[in-house]
Amino acid sequence: MASPSITLDTAKDSSGEIHVIVGPMFAGKTTSLLRRIESELNAKRSVAMLKSSKDTRYAIDSVVTHDGLKFPCWALPDLLSFRDKYGHQAYQKLDVIGIDEAQFFDDLYEFCCKAADEDGKTVIVAGLDGDYLRRSFGSVLHIIPLADSVTKLTARCELCGKRAFFTLRKTDQRETELIGGSDVYMPVCRLHYANSQVTEKSVVQSQNAKTDSLLEAVADD
Ligand SMILES: [Zn+2]
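If you read the sequence shown in the working numbering, its first letter stands for residue 155, the second for the next number, and so on.
Shown next, in the form of structure tokens:
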């Protein structure tokens, strides 16, 4: 059934793909993303890497893993502006788009739909599925229904060495988007996540209890 013209039109006619890599911090998400990008490059496909301009921990114009692996990239405030910035013709020729730290992009769902469904791109997305309170982070979970594949990676618990599924914040700052590395966050297993929450709650409760007894003491006077 194959006709010679099929090979010529493959790029235009082939449908896109979406692959999602999630997990806690220090699980090797960026490394895994870069490995996939590398194998796409080896297959002679043209690739662009995008990351959020919010994350300036490492070089702004490259994606760098915790273990030092590096790849040039576009640091953007949002994803939908990428096409204009990259150039429409260049965008047409692009096969694969890698997105790192995807939790920082509000237009992730819209961008992935368009890139994969309409433009036939392979989109490989890496990001945190949850924040330090294990709540859904940004729109990473919103794109699961769009995905061809979802990979959840794990790290090693910093306290016991078992598999770690969660990111624990070491400081008591409360904002969701507190960008930091091992100075601020550590990967933990379920037991150590749960234990730390109990400790935190009991500290608050004992503080409240102290306040209550002080008030009672004042009332007694
Ligand atoms: Zn542990």
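Where a beta carbon is used, it is the ideal one built from N, C-alpha and C, also for glycine.
Best match in the options for proximity to residue i [C-alpha to C-alpha]
i: Asp273; options: Glu331, Cys343, Arg237; result: Arg237
i: Thr385; options: Asp254, Val217, His346, Ser303; result: Beyond the ends of the chain as shown, which are 155 and 375, falls residue 385; an answer cannot be given.
i: Val217; options: Gly182, Thr308, Ser168, Leu188; result: Leu188
i: Ser149; options: Phe225, Leu295, Glu255; result: Because the chain in this structure spans residues 155 to 375, residue 149 falls outside the shown range and cannot be described.
i: Ala181; options: Val338, Gly335, Ala309, Leu287; result: Ala309
i: Ala202; options: Ser168, Thr185, Ser186, Lys247; result: Lys247
i: Ala269; options: Ser235, Leu295, Leu287; result: Ser235
i: Ser186; options: Asp209, Ser168, Phe225; result: Phe225
Identity of the residues DSSP links to residue i by a beta bridge
i: Lys224; result: Val218
i: Gly284; result: Ser290
i: Ile278; result: His173, Gly252
i: Val99; result: The question about residue 99 has no answer here: the residues shown for the chain are numbered 155 through 375.
i: Val342; result: Phe320
i: Leu204; result: Trp228, Ile253
i: Arg310; result: Arg317
Straight-line gap, residue i to residue j (C-alpha atoms, nearest Å)
i: Asp215; j: Tyr240; result: 14 Å
i: Cys311; j: Ala318; result: 5 Å
i: Ala373; j: Gln351; result: Any reading at Ala373 must be qualified, since the residue scores a pLDDT of 42, below 50, and its modelled position is unreliable; the value itself is stated next. When rounded, the distance between both Cα atoms is 32 Å.
i: Lys324; j: Ser193; result: 36 Å
i: Arg328; j: Phe291; result: 14 Å
i: Arg289; j: His242; result: 37 Å
i: Asp285; j: Asp261; result: 18 Å
i: Gly177; j: Arg344; result: 13 Å
i: Ile191; j: Ala301; result: 17 Å
i: Ser200; j: Asn349; result: 47 Å
i: Ala280; j: Lys183; result: 6 Å
i: Leu307; j: Ala244; result: 33 Å
i: Val277; j: Leu332; result: 26 Å
i: Asp326; j: Leu230; result: 29 Å
i: Val250; j: Met179; result: 24 Å
i: Tyr263; j: Lys316; result: 33 Å
i: Ala165; j: Cys266; result: Low local confidence applies: a pLDDT of 48 at Ala165 is under 50, so the model's placement there is unreliable, with the coordinate-based value given in what follows. Rounded to the nearest angstrom, the two C-alpha atoms are 18 Å apart.
i: Pro385; j: Gly334; result: Shown here, the chain extends from 155 to 375; a query on residue 385 therefore has no answer.
i: Ser336; j: Ser293; result: 24 Å
i: Cys227; j: Leu313; result: 34 Å
i: Thr330; j: Ile297; result: 20 Å
i: Leu195; j: Tyr339; result: 33 Å
i: Leu287; j: Ala197; result: 40 Å
Integer Cβ distance of residue i from residue j, believed to fall under 8 Å
i: Gly170; j: Asp271; result: 7 Å
i: Leu204; j: Ile253; result: 5 Å
i: Phe259; j: Leu233; result: 5 Å
i: Thr305; j: Ile172; result: About 12 Å; that fails the 8 Å criterion.
I need the residues with a C-beta less than 6 Å from some heavy atom of ligand 1; please give them in chain order. Answer in sequence order: Cys311, Leu313, Cys314, Lys316, Val342, Cys343, Leu345, His346.
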